[in-house]
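**Q** If you read the sequences in order, they're chains S and L.
Take the numbering used here: the final residue in the first sequence is number 177, and no numbers are missing along the way.
Take the numbering used here: the final residue in the second sequence is number 1177, and no numbers are missing along the way.
Backbone N, C-alpha and C fix where the C-beta goes; we use that ideal spot for every residue, glycine too.
As the structure is a prediction and not an experimental result, all values here were calculated from the model.
Take a look at the following structure, please.
Number of protein chains: 2
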Amino acid sequence: MRKLSLFIATSLDGYIAKPNDDLSFLKLVEKEDEDYGYAEFIAIVDTIIIGRKTFEYVQREIGISHYDNGERDVYVVTSTERPRLGRIQFYNGDIARLVENLKIAEGKGIYCDGGADLINELLKNDLIDELVISVVPVLLGNGTRLFKDTRPEQMLEFVSVKTFETGLVQLKYQRKK
Amino acid sequence: MRKLSLFIATSLDGYIAKPNDDLSFLKLVEKEDEDYGYAEFIAIVDTIIIGRKTFEYVQREIGISHYDNGERDVYVVTSTERPRLGRIQFYNGDIARLVENLKIAEGKGIYCDGGADLINELLKNDLIDELVISVVPVLLGNGTRLFKDTRPEQMLEFVSVKTFETGLVQLKYQRKK
């Protein structure tokens, strides 16, 4: 079975963005030649699932090539039908069904790149196998929470922690079987 | 200046209790002869600040001797006046003023033992100097959040991380000067 992973940065108080999708807190831990393990992580991923708003944010701020480099299938979860763009396809069906089908198919890792709505929908369906959470040393005080209220309880197994010079702490957990 | 510290356990999704003050998730990491550094921490504390609801919870569930062992001053923050109980006094004035006065007085460390309302009031006033957060490997999905919305942004300095056999990860930060 393929594994679905989160790889995401949050403030110590649990926000992945300040209000208005402000991601400037990530600059606090930006450092030349330090990608916090992203390249290593993404090398074993061949499928990305993202929410529509996150996709449009990345499309606007970074460009579609961030996802569509020809190496990966990208599923954008949305409520409206849209034509495929290269390996990027828009999916407006049942999320659990999509993920379950992806997991039993052949392939490498599956990566959910947010946003919070999609992550919480996946958690509600107990579909996330691994969480890699990078804690940025700041209290943001307000914004978009990584974890929303009203999900089922879920036991985790602690895997590892890595610390970095910038004060970032990367916690890794897997779903307890 | 004396230091005000938090020393608290939370789930990975940021809850310090499930609904109805249910602390049973702490049992997941209970282990004989393992106090996760509490004895060492409390040994350098001579003053405790707690919210009224937390005080009454401890009074009911553990007994008042948990706080009043004759070794520490205890301030219970409440909105109503109540007579002193040994070294436990009830304080219904301005919290920032209380903490500022305690910090400039002679003494050892000051420890805030919750609840979330008091912690967030202290954070709003930038009065917490050190945070020791023990992350229990579970997603609770709902309950009382350690960090509430609508606080000012606050920069932190990462101090250390300790891991334990039970999967508990203890993160230590201090306020950035």
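1. What residue ranges within the region 1010-1073 of chain L form continuous beta strand (DSSP E) runs of no fewer than 3 residues, ordered along the chain?
2. Give me the residue from Glu1081(L), Lys1003(L), Leu1026(L) with the minimum Cα distance to Gly1167(L).
3. Using only the alpha-carbon positions, how far apart do Asn1120(L) and Arg72(S) sit?
4. By the criterion of Cβ-Cβ separation under 8 angstroms, what are the contact partners of Asn1161(L) in chain S?
5. Taking C-beta pairs closer than 9 angstroms, name the residues in chain L that Glu157(S) reaches, listed in chain order.
6. Taking only beta-carbon atoms, is Thr10(S) less than 7 angstroms away from chain L?
7. Rank Lys1108(L), Ile1064(L), Arg1052(L) by C-alpha distance to the C-alpha of Thr1078(L) and give the top, closest one.
8. Fully enclosed by the region 116-147 of chain S, which beta strand (DSSP E) runs are 3 residues long or longer?
9. For Ala9(S), tell me which candidate among Arg97(S), Pro152(S), Pro137(S), Gly141(S) has the shortest Cα-Cα distance.
10. Using 10 angstroms around the beta-carbon of Ser1005(L), count the other beta-carbons present and answer buried if the total reaches 16, otherwise exposed.
11. Does Asn1142(L) get closer than 7 angstroms to chain S when you measure Cβ to Cβ?
12. Give the range of the beta strand (DSSP E) segment to which Lys103(S) is assigned.
13. Anyone know if the C-beta pair for Val1074(L) and Ile1048(L) falls short of 7 angstroms?
14. Please tell me whether Arg151(S) and Lys124(S) are closer than 7 angstroms, where the distance is taken between their beta carbons.
15. I'd like to know if the region 32-48 of chain S and the region 100-114 of chain S are in contact, where contact means that at least 3 CB-CB pairs between them fall below 8 angstroms.
16. Taking the C-alpha atoms as reference points, what is the distance between Tyr67(S) and Gly14(S)?
17. With a 10 Å radius around its C-beta and 16 neighbouring C-beta atoms as the bar for buried, classify Glu1030(L) as buried or exposed.
18. Out of Leu122(S), Cys112(S), Phe164(S), Gln154(S), point me to the one whose CA is closest to Arg97(S)'s CA.
19. When you compare the CB of Glu1081(L) with every CB in chain S, is at least one pair closer than 7 angstroms?
20. Return the chain-ordered list of same chain residues with a C-beta closer than 7 angstroms to the C-beta of Thr80(S), the five sequence neighbours on each side being excluded.
21. Considering only C-alpha positions, which residue in the set Tyr1057(L), Glu1040(L), Ile1050(L) is nearest to Asp1022(L)?
22. Along chain S, in chain order, which residues have C-beta atoms closer than 9 angstroms to that of Tyr1036(L)?
23. Out of Ile1016(L), Glu1034(L), Phe1055(L), Gln1174(L), point me to the one whose CA is closest to Ile1088(L)'s CA.
24. Could you compute how far the alpha carbon of Asn1020(L) sits from the alpha carbon of Glu1061(L)?
25. Would you please state the rounded distance, in angstroms, between the beta carbons of Ser134(S) and Tyr36(S)? I believe it to be under 8 angstroms.
26. What's the gap between the Cα of Asp1113(L) and the Cα of Tyr173(S)?
27. Could you give the C-beta distance for Ile16(S) and Thr144(S), rounded to a whole number, given that I count them as a contact under 8 angstroms?
28. Hey, is Pro1152(L)'s beta-carbon within less than 7 angstroms of any beta-carbon in chain S?
29. Is any beta-carbon of chain S found at less than 7 angstroms from that of Phe1178(L)?
**A** The answer reads as follows:
1. 1015-1017, 1045-1051
2. By 1-based counting over the second sequence, the position of residue 1167(L) is 167. Looking at the Cα atoms, Leu1026(L) is the closest of the given residues.
3. For the purposes of this step, residue 1120(L) is taken as the residue at position 120 of the second sequence. For the purposes of this step, residue 72(S) is taken as the residue at position 72 of the first sequence. Each residue's alpha carbon lies about 43 angstroms from the other.
4. Within the second sequence, numbered from 1, the residue matching residue 1161(L) stands at position 161. The question names Asn, yet the displayed sequence has Val at residue 1161(L). In chain order: Val161, Thr163, Val169.
5. Position 157 of the first sequence, counting from 1, holds the residue named residue 157(S). Within chain L, the residues near Glu157(S) are Pro1137, Gly1167.
6. Position 10 of the first sequence holds residue 10(S). Chain L, which has no Cβ nearer than 7 angstroms to the Cβ of Thr10(S), makes this no.
7. In the second sequence, counting from the first residue as 1, residue 1078(L) sits at position 78. Looking at the Cα atoms, Arg1052(L) is the closest of the given residues.
8. Scanning the region 116-147 of chain S for uninterrupted beta strand (DSSP E) segments of 3 residues or longer gives 130-136, listed from N- to C-terminal end.
9. Here residue 9(S) refers to the residue found at position 9 when the first sequence is read from its first residue. The candidate whose alpha carbon is nearest that of Ala9(S) is Pro137(S).
10. Within the second sequence, residue 1005(L) is the residue found at index 5, counting from 1. When all chains shown are included, Ser1005(L) counts as buried.
11. Taking the first residue of the second sequence as position 1, residue 1142(L) is located at position 142. For Asn1142(L), the nearest CB of chain S lies under 7 angstroms from its own CB, placing it at the interface with that chain.
12. Position 103 of the first sequence, counted from the first residue, corresponds to residue 103(S). Not the beta strand (DSSP E): Lys103(S) falls in the alpha helix (DSSP H), residues 95-104.
13. Start at 1 with the first residue of the second sequence, and residue 1074(L) comes out as number 74. Start at 1 with the first residue of the second sequence, and residue 1048(L) comes out as number 48. Their beta carbons are under 7 angstroms apart, which means Val1074(L) touches Ile1048(L) by this criterion.
14. Walking along the first sequence from the start, residue 151(S) turns up at place 151. Walking along the first sequence from the start, residue 124(S) turns up at place 124. Contact: yes.
15. yes
16. Working through the first sequence from its first residue, we reach residue 67(S) at position 67. Working through the first sequence from its first residue, we reach residue 14(S) at position 14. Taking the straight line from one Cα to the other gives about 25 angstroms.
17. Indexing the second sequence from 1 puts residue 1030(L) at position 30. Here Glu1030(L) is exposed: its Cβ has fewer than 16 other Cβ atoms, across all protein chains shown, within 10 Å.
18. Your numbering for residue 97(S) matches position 97 in the first sequence. Of the candidates Leu122(S), Cys112(S), Phe164(S), Gln154(S), the one whose C-alpha sits nearest the C-alpha of Arg97(S) is Leu122(S).
19. For this step, residue 1081(L) is matched to residue 81 along the second sequence. Taking a beta-carbon distance threshold of 7 angstroms, Glu1081(L) does not count as an interface residue toward chain S.
20. Start at 1 with the first residue of the first sequence, and residue 80(S) comes out as number 80. Same-chain partners within the cutoff: Asn92.
21. By one-based count along the second sequence, residue 1022(L) stands at place 22. The shortest C-alpha separation from Asp1022(L) is found at Tyr1057(L).
22. Here residue 1036(L) is taken as the residue at index 36 of the second sequence, counted from 1. Think of a sphere of 9 angstroms around the beta carbon of Tyr1036(L): no beta carbon from chain S falls inside it, the nearest being about 14 angstroms out.
23. On the second sequence, residue 1088(L) is found 88 positions in, with the first residue counted as 1. Minimum Cα distance to Ile1088(L) is reached at Phe1055(L).
24. Looking up residue 1020(L) in the second sequence gives position 20. Looking up residue 1061(L) in the second sequence gives position 61. Rounded to whole angstroms, Asn1020(L) to Glu1061(L) spans 14 angstroms at the Cα level.
25. One-based indexing of the first sequence puts residue 134(S) at position 134. One-based indexing of the first sequence puts residue 36(S) at position 36. The C-beta distance from Ser134(S) to Tyr36(S) rounds to 6 angstroms, short enough to fall under 8 angstroms.
26. The sequence position of residue 1113(L) within the second sequence is 113, counting from 1. The sequence position of residue 173(S) within the first sequence is 173, counting from 1. Cα to Cα, Asp1113(L) sits roughly 27 angstroms from Tyr173(S).
27. Working through the first sequence from its first residue, we reach residue 16(S) at position 16. Working through the first sequence from its first residue, we reach residue 144(S) at position 144. Ile16(S) to Thr144(S), Cβ: 5 angstroms. Contact.
28. Taking the first residue of the second sequence as 1, we reach residue 1152(L) at position 152. Yes - at least one Cβ of chain S is within 7 angstroms of the one on Pro1152(L).
29. For residue 1178(L) there is no data in the structure shown, the boundaries of chain L being 1001 and 1177.
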